[in-house]
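Be aware that the sequence shown starts at 1, since it is given in full-length UniProt numbering, and climbs by one per residue.
Idealized CB from N, CA, C, for every residue including glycine.
Please read all numbers here as calculations on a predicted model, not as lab measurements.
Structure, as structure tokens:
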Amino acid sequence: MSSQKFMHLSLTSPQLALAASFDANDLSEFNRSLRNGANVNLRDRDSRYTVFELACKTPGKKQFIRACLNHGAVLSEKNPETSEYPIHLAALSFDSENLSELLSAPRIQVDQKYEDRTALYLLFEQIDSDNWKHVFECVKLLLKYDANINATDENSVSPIALLVTAGYDDWRKEILEYCLQNYSVNVDYRRQQARKAIVKNFPGTDIPIYDMEKVTVDVLRNKLSAGTEDEFLAAYEKYCQQNNSHVPREEDRAELLSVAVYRAKLTAAQKLVDGQIVEGKFTGKPELFSGLLAKCCNRGNVQMLEWLLKIIPDDAGALINEDPLLSLLVKQIDVYKDKNKCPYFRSMGILLNDPRLEVDKIDAKKCTAMHYAVKYKIDHAQELLLAKGAYIGGENMFGDLPISEMDSFLLEKHLDSCVTNNDRKPGDEDYEVRISFANFIPPAHKPNYAKPEQVPFNGLPYEDEMRPIVRMAQSSSTKRLLRHPVISSILLLKWLKLICFFYINLVICTIFFVSFTAYVVFCYGQEDAPFKLFFYFLSFAGWIYLVARELIQFLLNMRVYVRSIENGMEVLLILASGAVLMREFGDETRRVASACVILLSALEFTLLVGTLPVLSISTHMVMLKTVSKNFLKCLVLYSIILLAFAFSFYTLFRANGGNGEAGEATTDKTAAGQDGDGDDDQFNQFGEVPLALMKTAVMLTGEFEAANIKFQQSSLSYFVFALFLFFVSIVLFNLMNGLAVSDTTTIKAESEIIGITQKVFLINKYENALKTSKPIRCITERMAWLFPSNSLQLFSNNQPLKYIAVKPNQSNAIMVSSLVPRYAQDVEMGELVVQDKKLEVEGLLERNTKYGTECCIMPCLNNMDGKIVKYALEILHSRHEHVGSTEYRMSRMEQNIERMAQEQIEMKKLLQTLATSLHAKA
Numbered sequence: 001m002s003s004q005k006f007m008h009l010s011l012t013s014p015q016l017a018l019a020a021s022f023d024a025n026d027l028s029e030f031n032r033s034l035r036n037g038a039n040v041n042l043r044d045r046d047s048r049y050t051v052f053e054l055a056c057k058t059p060g061k062k063q064f065i066r067a068c069l070n071h072g073a074v075l076s077e078k079n080p081e082t083s084e085y086p087i088h089l090a091a092l093s094f095d096s097e098n099l100s101e102l103l104s105a106p107r108i109q110v111d112q113k114y115e116d117r118t119a120l121y122l123l124f125e126q127i128d129s130d131n132w133k134h135v136f137e138c139v140k141l142l143l144k145y146d147a148n149i150n151a152t153d154e155n156s157v158s159p160i161a162l163l164v165t166a167g168y169d170d171w172r173k174e175i176l177e178y179c180l181q182n183y184s185v186n187v188d189y190r191r192q193q194a195r196k197a198i199v200k201n202f203p204g205t206d207i208p209i210y211d212m213e214k215v216t217v218d219v220l221r222n223k224l225s226a227g228t229e230d231e232f233l234a235a236y237e238k239y240c241q242q243n244n245s246h247v248p249r250e251e252d253r254a255e256l257l258s259v260a261v262y263r264a265k266l267t268a269a270q271k272l273v274d275g276q277i278v279e280g281k282f283t284g285k286p287e288l289f290s291g292l293l294a295k296c297c298n299r300g301n302v303q304m305l306e307w308l309l310k311i312i313p314d315d316a317g318a319l320i321n322e323d324p325l326l327s328l329l330v331k332q333i334d335v336y337k338d339k340n341k342c343p344y345f346r347s348m349g350i351l352l353n354d355p356r357l358e359v360d361k362i363d364a365k366k367c368t369a370m371h372y373a374v375k376y377k378i379d380h381a382q383e384l385l386l387a388k389g390a391y392i393g394g395e396n397m398f399g400d401l402p403i404s405e406m407d408s409f410l411l412e413k414h415l416d417s418c419v420t421n422n423d424r425k426p427g428d429e430d431y432e433v434r435i436s437f438a439n440f441i442p443p444a445h446k447p448n449y450a451k452p453e454q455v456p457f458n459g460l461p462y463e464d465e466m467r468p469i470v471r472m473a474q475s476s477s478t479k480r481l482l483r484h485p486v487i488s489s490i491l492l493l494k495w496l497k498l499i500c501f502f503y504i505n506l507v508i509c510t511i512f513f514v515s516f517t518a519y520v521v522f523c524y525g526q527e528d529a530p531f532k533l534f535f536y537f538l539s540f541a542g543w544i545y546l547v548a549r550e551l552i553q554f555l556l557n558m559r560v561y562v563r564s565i566e567n568g569m570e571v572l573l574i575l576a577s578g579a580v581l582m583r584e585f586g587d588e589t590r591r592v593a594s595a596c597v598i599l600l601s602a603l604e605f606t607l608l609v610g611t612l613p614v615l616s617i618s619t620h621m622v623m624l625k626t627v628s629k630n631f632l633k634c635l636v637l638y639s640i641i642l643l644a645f646a647f648s649f650y651t652l653f654r655a656n657g658g659n660g661e662a663g664e665a666t667t668d669k670t671a672a673g674q675d676g677d678g679d680d681d682q683f684n685q686f687g688e689v690p691l692a693l694m695k696t697a698v699m700l701t702g703e704f705e706a707a708n709i710k711f712q713q714s715s716l717s718y719f720v721f722a723l724f725l726f727f728v729s730i731v732l733f734n735l736m737n738g739l740a741v742s743d744t745t746t747i748k749a750e751s752e753i754i755g756i757t758q759k760v761f762l763i764n765k766y767e768n769a770l771k772t773s774k775p776i777r778c779i780t781e782r783m784a785w786l787f788p789s790n791s792l793q794l795f796s797n798n799q800p801l802k803y804i805a806v807k808p809n810q811s812n813a814i815m816v817s818s819l820v821p822r823y824a825q826d827v828e829m830g831e832l833v834v835q836d837k838k839l840e841v842e843g844l845l846e847r848n849t850k851y852g853t854e855c856c857i858m859p860c861l862n863n864m865d866g867k868i869v870k871y872a873l874e875i876l877h878s879r880h881e882h883v884g885s886t887e888y889r890m891s892r893m894e895q896n897i898e899r900m901a902q903e904q905i906e907m908k909k910l911l912q913t914l915a916t917s918l919h920a921k922a
């Protein structure tokens, strides 16, 4: 590139000129670009390194390095992709002049580490017989600038150990003797690994005796990794004495603390933070503990975990929830191991007893601890998580929910534990049945939830609260649990919130269907029909409502909308009814259009009425849909037989003489005044393929009219007709009737579950339809007086519904609270105890408020269904019976014996520890 082009580029784009002049090895233009404002620390998108880093790693760039240092090159910043510092790049260039220029900078740190290795260590790694002279010069230079010859890697291997364990070479001996004669080399790391290698590979080498009493951070780390805890404590005390009672730097202490946690050396870890504990809490930077809790969970270190949770400040919840700790523990649990002896399960109990923990913390796969507990079939982990309010409706990146694969009996057992009372006598006026919804509260509404930094707006202003219940309704194993008081209560409360929307839609649609049918039947195409304008305007207003409703549903969730057959039918109804309302067709077209629209509107109205949450109506609608679906499935298979018989009848019974004979017969009958009989005869003679198909379908139902069929045309016709009678009329028709009867019997037997399932789908449908996107929310906010913004939510951010209390002796009145009953979890026993008495003493239960619908149209619905209350009372009664049973008392005795044995083992360990400490002091 010419000088003029360089000059022009440095003026217009100094950064590009800087890179170009470096590639061209043009120092003058390089300096010109720097004077024009180029930044040597700026990273190009197409390069992994800055210009300064490239100069460090490229041999022969001494002057460029000097120029970069004079213009603000950063020495203490590592490369974000490779994690290398400039000192490492310069050392690996094997250019002593580059390295010398860099080391002349006043801010350089010689012992900065890349992947736990210093620049000097990297040189000893890369040295070989080809490059040893250049590398040796760089080694001398680093040692001259006080590089630590004893700095080890993560495995406590020193640079000298690398050099001497590779075998004998003359150049290795030269480097070894230079280091031993000029610097204090410790050859006794890792049980004298380097010393043994020198004696073996370099016999006769004189190893000077140095005073190795100086303790460095590397020595401390080596003591933690390979030595005993007492050796580390002695070395740590000596380190503090040698450094005027100063402890290691915070970065070094963080590294040492990480090793202590990994090696499960509690006393050493306590020593490292000694002096920064005030009133049992750590007063330094909480970042010092970053990643330590995850190490404890991965190693199953119960004591270390307890100690860390105890000293971490109360306001450092983000540090505790830095990693998905519960997920790490669940993945380590052995399902076949005794839970009382499993350290990972005990760690779970310790973590869950910490109120700062986020129970539903997700990992990279968006899986919670409950996902893994269900996946690995760890029942006791599931019980513990459920008892602590873990959400069962969380969806991972694969769309899986914990409740989808959870054992239904385990879930039922936990749901039973969510039904409690207030320890009053059942006959008392203030007796309450309390139902907790802790496992159905989305994580976003829990106190320890950490909001993601960047979450794209998905069009919905709040969480999908119906998702876990919908999955239960779709599963054959958990569908029966929809009758449980916990689930039924949520559905009832949801229904009370949505009832106004449902009935408003039902009333408007009923008015539309009635007025539109009356308009089409009595007024359409008639100028002087009475009430024509009245029915027309009512129909038009209802049509506008349908258009607006379907348009909003389509805009909110297009994919779900287009997949629904009912939505397609509604769109067809809107188009057909709109055509009828907008234009009056001719006589023939009008009759066809009117008939189609009447059928569509009647079918749509039937489906709408079928959604009424009345048990008999919803059950009959399910019967209609199920039987129709199964009939269609059968016809798809058996249509092959029907088509075969239809074509056989067409071939056998059509007129042999072609159209002439049939025409003569028709003419004769017409002349005799028998037009209608002629049409019947043509229908019975299978004269055309469409007629043959229609006649065969009619014969399927039993309408044979065999007297009008001319069997005499072929002797084979008797046999074919007999086959049709047997296979189609007798076997196939009765088979399809039997399927219908079987489906009807099954549906009637499960009518209650089916009714609740239909209510689940109905609530989910309306709730999804009423969830508004951001643009439409502007409109709904203006109607807050009619429909409050949080009218759909049970678990809102402002007043999350944690549990309800039902008063059976006060007409089943519902009392709600934003507080949740406190549970005392016994990790060993796995039992829940609701501390109602303590709540009542504190006056918390007095904050309950009477529940009612928030819609101004229907504000008085506030009583619990009697069936739900009866079911809840049965659960409480069976629990009291179980408490007094022999099996229960035997299980309690067994659990108490196990607990006593465990306490005895812990007592022995404590006594052994005390005896050891007393013996050491003596």
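Under the DSSP definition of a beta bridge, which residues are partnered with S436?
-> Position 436 of the sequence shown, counted from the start, is the residue given in the question as residue 436. In the DSSP output, where bridge partners are listed per residue, S436 has Y803.
Please classify F795: does DSSP put it in a helix, a strand, or coil?
-> The residue you call residue 795 lines up with position 795 of the sequence shown. Three-state DSSP puts F795 in coil, outside helix and strand.
Coil, strand or helix - V720 by DSSP = Along the sequence shown, read from residue 1 onward, the residue named residue 720 stands at position 720. DSSP places V720 in helix when its eight states are reduced to three.
How would you call T420, buried or exposed, if buried means at least 16 neighbouring beta carbons within 10 angstroms?
-> The count along the sequence shown starts at 1 and reaches residue 420 at position 420. T420 should be labelled buried.
In angstroms, rounded to a whole number, what distance separates the CA positions of T524 and E584?
-> As a position in the sequence shown, residue 524 is number 524, starting the count at 1. As a position in the sequence shown, residue 584 is number 584, starting the count at 1. Thr is not the amino acid found at residue 524; the sequence shown has Tyr there. Rounded to whole angstroms, Y524 to E584 spans 7 Å at the Cα level.
Beta-carbon proximity list for L257, same chain, < 8 Å, skipping 5 on both sides | Mapped onto the sequence shown, residue 257 falls at position 257. Cβ within range, chain order: A269, L272, V273, L288, F289 and L292.
Counting only runs of 3+ residues fully inside the stretch 344 to 414, write out the beta strand (DSSP E) ranges in chain order.
-> none
Could you tell me the distance, in whole angstroms, from the CA atom of L143 to the CA atom of Q303?
-> Here residue 143 is taken as the residue at index 143 of the sequence shown, counted from 1. Here residue 303 is taken as the residue at index 303 of the sequence shown, counted from 1. The straight-line gap from Cα to Cα measures roughly 43 Å.
Are the Cβ atoms of L386 and N340 separated by less than 8 Å?
-> On the sequence shown, residue 386 is found 386 positions in, with the first residue counted as 1. On the sequence shown, residue 340 is found 340 positions in, with the first residue counted as 1. No, the pair does not count as a contact, with Cβ atoms beyond the cut-off.
What are the boundary residues of the beta strand (DSSP E) that C421 is part of?
-> As a working mapping, residue 421 is identified with position 421 in the sequence shown. Looking at the sequence shown, residue 421 is not Cys but Asn. Taken as a continuous stretch (DSSP letters only), the beta strand (DSSP E) holding N421 covers V419 to N421.
Measure the beta-carbon distance from Y803 to S436 and round it to whole angstroms, keeping in mind my assumption that it falls under 8 Å.
-> In the sequence shown, residue 803 corresponds to position 803, counting from 1. In the sequence shown, residue 436 corresponds to position 436, counting from 1. 4 Å between Cβ atoms; contact.
Of the residues F501, H246 and H88, which one's Cα is nearest the Cα of residue 923?
-> The requested residue 923 is not part of the displayed model; the chain covers only 1 to 922.
Reduced DSSP secondary structure (H/G/I, E/B, other) of N630 | As a working note, residue 630 is residue 630 in the sequence shown. If DSSP states are grouped into helix, strand and coil, N630 belongs with the helices.
Less than 8 Å separating the beta-carbons of C367 and N396?
-> Taking the first residue of the sequence shown as position 1, residue 367 is located at position 367. Taking the first residue of the sequence shown as position 1, residue 396 is located at position 396. Closer than 8 Å, so yes.
According to DSSP, what are the bridge partners of A813?
-> Residue numbering aside, residue 813 sits at position 813 when the sequence shown is read from its first letter. Bridge partners of A813: K807 and N863.
Other residues of its chain near D130: CB distance less than 6 Å, five sequence neighbours each side excluded = Along the sequence shown, one-based indexing puts residue 130 at 130. If we look at D130 and ignore the five residues flanking it on each side, it has no Cβ neighbours.
Near F540, what residues of its chain come up, given a Cβ to Cβ distance below 8 Å and the 5 sequence neighbours on each side ignored?
-> Mapped onto the sequence shown, residue 540 falls at position 540. For F540, where only same-chain residues beyond five positions count, the Cβ hits under 8 Å are L581.
Should the stretch 196 to 210 be regarded as contacting the stretch 221 to 238, the criterion being three or more beta carbon pairs within less than 8 Å?
-> no
How is the alpha helix (DSSP H) around A119 delimited, first residue to last?
-> The residue labelled residue 119 in the question sits at position 119 within the sequence shown. Element bounds for A119: A119 to Q126.
Entirely enclosed alpha helix (DSSP H) segments - the stretch 159 to 245, minimum 4 residues = 159 to 165, 170 to 182, 189 to 201, 217 to 226 and 229 to 242
Quick one: what does DSSP say K425 is sitting in, helix, strand or coil?
-> On the sequence shown, position 425 is the one that residue 425 refers to. Three-state DSSP puts K425 in coil, outside helix and strand.
Secondary structure of Y503, DSSP reduced to three states | What you label residue 503 is simply residue 503 of the sequence shown in a count that begins at 1. It is helical.
Determine, using beta carbons only, whether T267 and E229 come nearer to each other than 8 Å.
-> On the sequence shown, position 267 is the one that residue 267 refers to. On the sequence shown, position 229 is the one that residue 229 refers to. For T267 and E229, yes; Cβs fall inside 8 Å.
Hey, would you say L123 sits closer than 8 Å to A91, going by beta carbons?
-> The residue labelled residue 123 in the question sits at position 123 within the sequence shown. The residue labelled residue 91 in the question sits at position 91 within the sequence shown. In contact: L123 and A91 (Cβ atoms closer than 8 Å).
Quick one: what's Y114 bridged to in DSSP?
-> Taking the first residue of the sequence shown as 1, we reach residue 114 at position 114. According to DSSP, which records beta bridges pairwise, Y114 is partnered with R117.
Put I490 into one of helix, strand or coil per three-state DSSP.
-> Residue mapping note: residue 490 aligns to position 490 of the sequence shown, counting from 1. The answer is helix: DSSP assigns I490 an H, G or I state.
Measure the Cβ-Cβ separation of S76 and R107 and say whether it is below 8 Å.
-> Position 76 of the sequence shown, counted from the start, is the residue given in the question as residue 76. Position 107 of the sequence shown, counted from the start, is the residue given in the question as residue 107. For S76 and R107, yes; Cβs fall inside 8 Å.
Excluding the 5 residues preceding and the 5 following L18 in the sequence, name in chain order all residues of the same chain whose CB lies nearer than 6 Å to its CB.
-> As a working mapping, residue 18 is identified with position 18 in the sequence shown. If we look at L18 and ignore the five residues flanking it on each side, its Cβ neighbours are S33, A38 and V51.
Just the Cα atoms here: how many angstroms apart are V219 and A235?
-> Indexing the sequence shown from 1 puts residue 219 at position 219. Indexing the sequence shown from 1 puts residue 235 at position 235. The straight-line gap from Cα to Cα measures roughly 8 Å.
Any idea what DSSP makes of M441, helix, strand or coil?
-> Mapped onto the sequence shown, residue 441 falls at position 441. The sequence given here has Ile at residue 441, not Met. Coil.
Return helix, strand or coil for K337, following the three-state DSSP convention.
-> Your numbering for residue 337 matches position 337 in the sequence shown. The answer is coil: DSSP assigns K337 none of H, G, I, E or B.
DSSP state of I277 mapped onto helix, strand, coil | As a first step, residue 277 is located in the sequence shown; it is residue number 277 there, counting from the start. Strand at I277.
Same chain, Cβ closer than 6 Å to V139, neighbours up to 5 away in sequence not counted = The residue labelled residue 139 in the question sits at position 139 within the sequence shown. Contacts found: L123.
For the alpha helix (DSSP H) that T267 lies in, which residues bound it at each end?
-> Numbered from 1 along the sequence shown, position 267 holds the residue referred to as residue 267. Start and end: L266 to L272.
Taking just the CA atoms, how far does Y372 sit from K295?
-> Against the sequence shown, residue 295 aligns to sequence position 295. Against the sequence shown, residue 372 aligns to sequence position 372. Whole-angstrom Cα-Cα distance: 19 Å.
Any 3 or more C-beta pairs closer than 8 Å across the stretch 462 to 480 and the stretch 561 to 577 | no
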